[in-house]
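S.K.:
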Amino acid sequence: MQIAAGAFKARCLSLMDEVSKFHHEIIITKHGRPVAKIVPCEQEKSRKRGDFFGMFSGSVKIKGDIVRSPEESWEADEN
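Residue numbers for the sequence shown, in this note's numbering: 23 to 101.
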């Protein structure tokens, strides 16, 4: 859909609602030349309360043994 800038100015809010509802784009023109495009935003996936736990599952890789004490001594061990 194309619309002149003056007409867009008069109907701006209703046109933005229309873009959001029907997921189409509007090209705004001045003197018949396109100057801007209104497109719907991609909605972020809403998170449920229970989605918090496990949201980083699979994003960490463990290298080596994380339970056993390290062989080398640390500075904190010397005091």
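A virtual CB, placed ideally from N, CA and C, is assigned to each residue, including glycine.
If you follow the beta strand (DSSP E) that LYS59 is part of, which residue opens it and which one closes it?
M.R.: Position 37 of the sequence shown holds residue 59. Per DSSP, LYS59 belongs to the beta strand (DSSP E) from 55-60.
S.K.: Would you give the residue range spanned by the alpha helix (DSSP H) that LYS31 belongs to?
M.R.: Locating residue 31 in the sequence shown gives position 9, counting from the first residue. Unbroken alpha helix (DSSP H) run through LYS31: 27-44.
S.K.: Count the CB pairs spanning the segment 54-63 and the segment 75-95 that are closer than 8 Å, and state whether there are at least three.
M.R.: Contact between the segment 54-63 and the segment 75-95 is absent, because fewer than three Cβ pairs lie under 8 Å.
S.K.: Apart from the five residues on each side of it in sequence, which residues of its chain come closer than 8 Å, Cβ to Cβ, to ALA26?
M.R.: As a working note, residue 26 is residue 4 in the sequence shown. So the list reads ILE50, THR51 and LYS52, once near-sequence residues are dropped.
S.K.: Using 10 angstroms around the beta-carbon of PHE30, count the other beta-carbons present and answer buried if the total reaches 16, otherwise exposed.
M.R.: Walking along the sequence shown from the start, residue 30 turns up at place 8. PHE30 is buried by the Cβ-count criterion.
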